[in-house]
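Asker: Going by my numbering, the first residue of the sequence shown is number 76, and it counts up by one from there.
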Amino acid sequence: MDLDETSALIRDAAERAAAYHANLDARGVAPTAEALAALASFDEPFPEQPSSAAETLDLLDRIGSPATMATTGGRYFGFVNGAVLPGAMAAHMLATAWDQNAALSAMSPLASRVRAVASRWLVEALQLPRGAEAMFVGGATVANLCGLAAARDFVLAQSGWDAAADGLIGAPPVTVVVGDQAHSTIAKSLSIIGLGRKRATIVPTDEQGRIIAARLPHVNGPLIVVTQAGELNTGAFDPFPEIIDWARERRGWVHVDGAIGLWAAASPTRRYLTAGIADADSWATDGHKWLNVPYDSGIILIRDAALLRPSMSARADYLPDGELDPMHHTPQSSQRARAIDVWAALRTLGRTGLAELVDRCSDHACRFAAGLRAAGIEVLNEVVINQVLVGFEDEATTERVIARIQRSGECWCGGTVWKGRKAMRISVSSWATTSDDVERSLTAIIAAARESK
């Protein structure tokens, strides 16, 4: 392709993207059966010859766009999936055109500088300790993995063991303490870093999913404690001061899984939920949730970034060794410049805009809860941030209600199991959700509940 053809293709893609967003409110949240059936058009033999990039883009838009889940609209509440902010989306498109490899500052001075600024802004916005650093990875799972790997190496080093150099065979046993409602990514991360899914010590939680600090175990030796800011069903926050004091008495590392709730620290009205959280050692969150940036935007924040290096650094004669190069602080070598999306979102929102986004989603969740209770529908949690947990008469009824809501196209809510009970979860995470979206969705949910009795 020559320069003119390339420019025309980029403009065509931008116009199609704009048209997609302009039509979101007029379509159902879930794709129609016809749109899903049309996906068979993609199942063609591998082409023998090159074809037109413009024709390929047309096929992708014509068949693909109607078959998407409208997660970037205002009425998707199924998982904690934030919509993409216009500013972050535009920056993402430009950054894709730049095609920067953010692994090393030598590869992209731009990406390095933007990461440093985005890191500083995040630390300020989330009220974390001065000097903490943010690294950008492929989602909250990887962010949790990074924090736990740093924790493993640190607590073993206190016992004289170099895990990064010598592995875990023969190492002192590490006690990992988690609540019984810890997110599944914690078990997955423990498995990957060699500490085992089944070896964690499980602590009971209360009716909202908060660790009961009085039930913390008697332990000795290397210790990692995993806490939670924003339980994925209820939005509840662990009692950080009590847990962190307990861990400090035992020289333990405290990691915070804050994929959802860490953003509450950016809101003056919700910040009380995160009291004491800044005294932890590492924090994981997800930019695609409440910050509403594109996917693949996990963030690991750590009090001392140098503690990521033992496990994460890459060593070769041809590699430069910048002090905070992402290649030496994250699992990936080559990596896109994720920090650009985050920087663009933070710069366009500003401190007050970020707080307002958190508050608006939380207020919408409270309105959902009030409207459902007024209709005689049970709300199972204390709605403190963006999560609403809804109970119906029995499991069969719950499944029927969820299916009716999803089929209606008015909104999309998903199912979960809470303390052994089938329930429905409403997660309000999108900047695009309006009060009208909430009322329209409430009407659909209440109607589905009445029709399912």
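We put the beta carbon where it would ideally sit given N, CA and C, even for glycine.
What you are looking at is a predicted structure, and each value in this text was computed from that prediction instead of being measured.
Bridge partners for Arg422 per DSSP, in chain order?
Answerer: Looking at the DSSP assignment, Arg422 forms no beta bridge with any residue, so it has no partner.
Asker: If you follow the beta strand (DSSP E) that Asp79 is in, where does it begin and where does it stop?
Answerer: First-last for Asp79: 78 to 97, but that is the alpha helix (DSSP H), not the beta strand (DSSP E).
Asker: Is DSSP giving Thr260 helix, strand or coil here?
Answerer: Three-state DSSP puts Thr260 in a helix.
Asker: As a quick exercise: from Leu429, Gly451, Lys273, pick the residue whose alpha carbon is nearest that of Ser342.
Answerer: Closest by alpha carbon: Leu429.
Asker: Helix, strand or coil for Thr147? Go by DSSP, reduced to three states.
Answerer: DSSP places Thr147 in coil when its eight states are reduced to three.
Asker: What separation, rounded to the nearest whole angstrom, lies between the Cα atoms of Ile299 and Leu383?
Answerer: The straight-line gap from Cα to Cα measures roughly 15 angstroms.
Asker: In this structure, does DSSP put Val217 in helix, strand or coil?
Answerer: If DSSP states are grouped into helix, strand and coil, Val217 belongs with the helices.
Asker: Quick one: measure Cβ to Cβ for Trp338 and Val433, integer angstroms, because I've assumed they're closer than 8 angstroms.
Answerer: Contact holds; Cβ gap of about 5 angstroms.
Asker: Could you give the DSSP three-state label for Glu453: helix, strand or coil?
Answerer: Here Glu453 sits in strand by DSSP.
Asker: Could you check how far apart the C-beta atoms of Ala474 and Gly490 are, in whole angstroms? I think they sit under 8 angstroms.
Answerer: The displayed chain sequence assigns Glu, not Ala, to residue 474. So it is a contact: roughly 7 angstroms between Cβ atoms.
Asker: In whole angstroms, give me the CA-to-CA distance for Pro395 and Ser388.
Answerer: So the two alpha carbons sit approximately 11 angstroms from each other.
Asker: List in chain order: all unbroken alpha helix (DSSP H) runs of 4+ residues lying wholly within the stretch 326 to 395.
Answerer: 384 to 387, all fully within the stretch 326 to 395.
Asker: Rounded to the nearest angstrom, how far is the Cβ of Val249 from that of Leu270, given a contact under 8 angstroms?
Answerer: Their Cβ separation, rounded to whole angstroms, is 6 angstroms, which keeps Val249 and Leu270 in contact under 8 angstroms.
Asker: Would you kindly check if the distance between the Cβ of Ala523 and the Cβ of Ile460 is under 7 angstroms?
Answerer: Against a cut-off of 7 angstroms, the Cβ pair of Ala523 and Ile460 comes out as no contact.
Asker: Does the distance between the C-beta of Thr107 and the nearest non-hydrogen atom of the ligand SAH fall short of 6 angstroms?
Answerer: Looking for the ligand SAH in the displayed structure turns up nothing, as the structure carries no ligands at all.
Asker: Helix or strand or just coil, what does DSSP make of Ile318?
Answerer: Here Ile318 sits in helix by DSSP.
Asker: With contact counted as at least three CB pairs below 8 angstroms, one residue from each stretch, are the stretch 361 to 373 and the stretch 257 to 266 in contact?
Answerer: The answer is no - the stretch 257 to 266 does not touch the stretch 361 to 373, with fewer than three Cβ pairs under 8 angstroms.
Asker: Mind checking if Asp434 is an interface residue toward chain D, Cβ cutoff 7 angstroms exclusive?
Answerer: Given the protein chain composition of this structure (a single chain), no chain D is represented.
Asker: Indicate the three-state DSSP secondary structure (helix, strand or coil) for Pro203 in the structure shown.
Answerer: The question names Pro, but residue 203 is Leu in the sequence shown. Three-state result, Leu203: coil.
Asker: Would you be able to state if there are at least three C-beta pairs under 8 angstroms between the stretch 110 to 118 and the stretch 88 to 98?
Answerer: Too few Cβ pairs lie closer than 8 angstroms, so no.
Asker: Which ranges does the beta strand (DSSP E) cover as unbroken runs of at least 3 residues, wholly within the stretch 272 to 324, from first to last along the chain?
Answerer: With a minimum length of 3 residues, the continuous beta strand (DSSP E) runs that stay inside the stretch 272 to 324 are 276 to 278, 298 to 303.
Asker: Are at least three pairs of beta-carbons, each pair with one atom in the stretch 397 to 409 and one in the stretch 440 to 457, less than 8 angstroms apart?
Answerer: Cβ pair count under 8 angstroms is below three, so no.
Asker: Give the range of the alpha helix (DSSP H) segment to which Val465 is assigned.
Answerer: Careful: Val465 lies outside any alpha helix (DSSP H), inside the beta strand (DSSP E) at 462 to 466.
Asker: My output table needs one value for Phe152: the three-state DSSP class, helix, strand or coil.
Answerer: Three-state DSSP puts Phe152 in coil, outside helix and strand.
Asker: By the three-class DSSP mapping on this structure, what secondary structure does Val109 have?
Answerer: With the sequence shown as reference, residue 109 is identified as Glu, and Val is not the correct amino acid for it. In the structure shown, Glu109 sits in a helix (DSSP, three-state: H, G or I).
Asker: Under a three-way DSSP split, which group does Arg411 fall into?
Answerer: Correct three-state label for Arg411: coil.
Asker: Is DSSP giving Ala158 helix, strand or coil here?
Answerer: Looking at Ala158 - three-state DSSP - the assignment turns out to be coil, as it is neither helix nor strand.
Asker: I'd like to know if the stretch 126 to 144 and the stretch 162 to 172 are in contact, where contact means that at least 3 CB-CB pairs between them fall below 8 angstroms.
Answerer: Cβ pair count under 8 angstroms is below three, so no.
Asker: Just to check my reading of the structure: Cys436 and Thr508 have Cβ atoms closer than 8 angstroms, yes? What is that Cβ distance to the nearest angstrom?
Answerer: That pair is a contact at about 7 angstroms.
Asker: What does a CB cutoff of less than 8 angstroms around Ile244 pick up in its chain, not counting 5 residues either side in sequence?
Answerer: Excluding positions up to five away in sequence, the list is empty.
Asker: Work out the CA separation of Pro125 and Ile138 for me, nearest whole Å.
Answerer: Each residue's alpha carbon lies about 20 angstroms from the other.
Asker: Distance, Cα to Cα, Ile501 vs Ser372?
Answerer: When rounded, the distance between both Cα atoms is 22 angstroms.
Asker: Counting C-beta neighbours from all protein chains within 10 Å, is the total for Pro279 16 or more, i.e. buried, or is it exposed?
Answerer: Per the 10 Å Cβ criterion, exposed.
Asker: Starting from Phe211, follow its DSSP beta bridges and name the residues at the other end.
Answerer: DSSP, once it has assigned bridges, lists Ile374 as partnering Phe211.
Asker: According to the Cβ coordinates, are Asp228 and Ser386 closer than 7 angstroms?
Answerer: Against a cut-off of 7 angstroms, the Cβ pair of Ser386 and Asp228 comes out as a contact.
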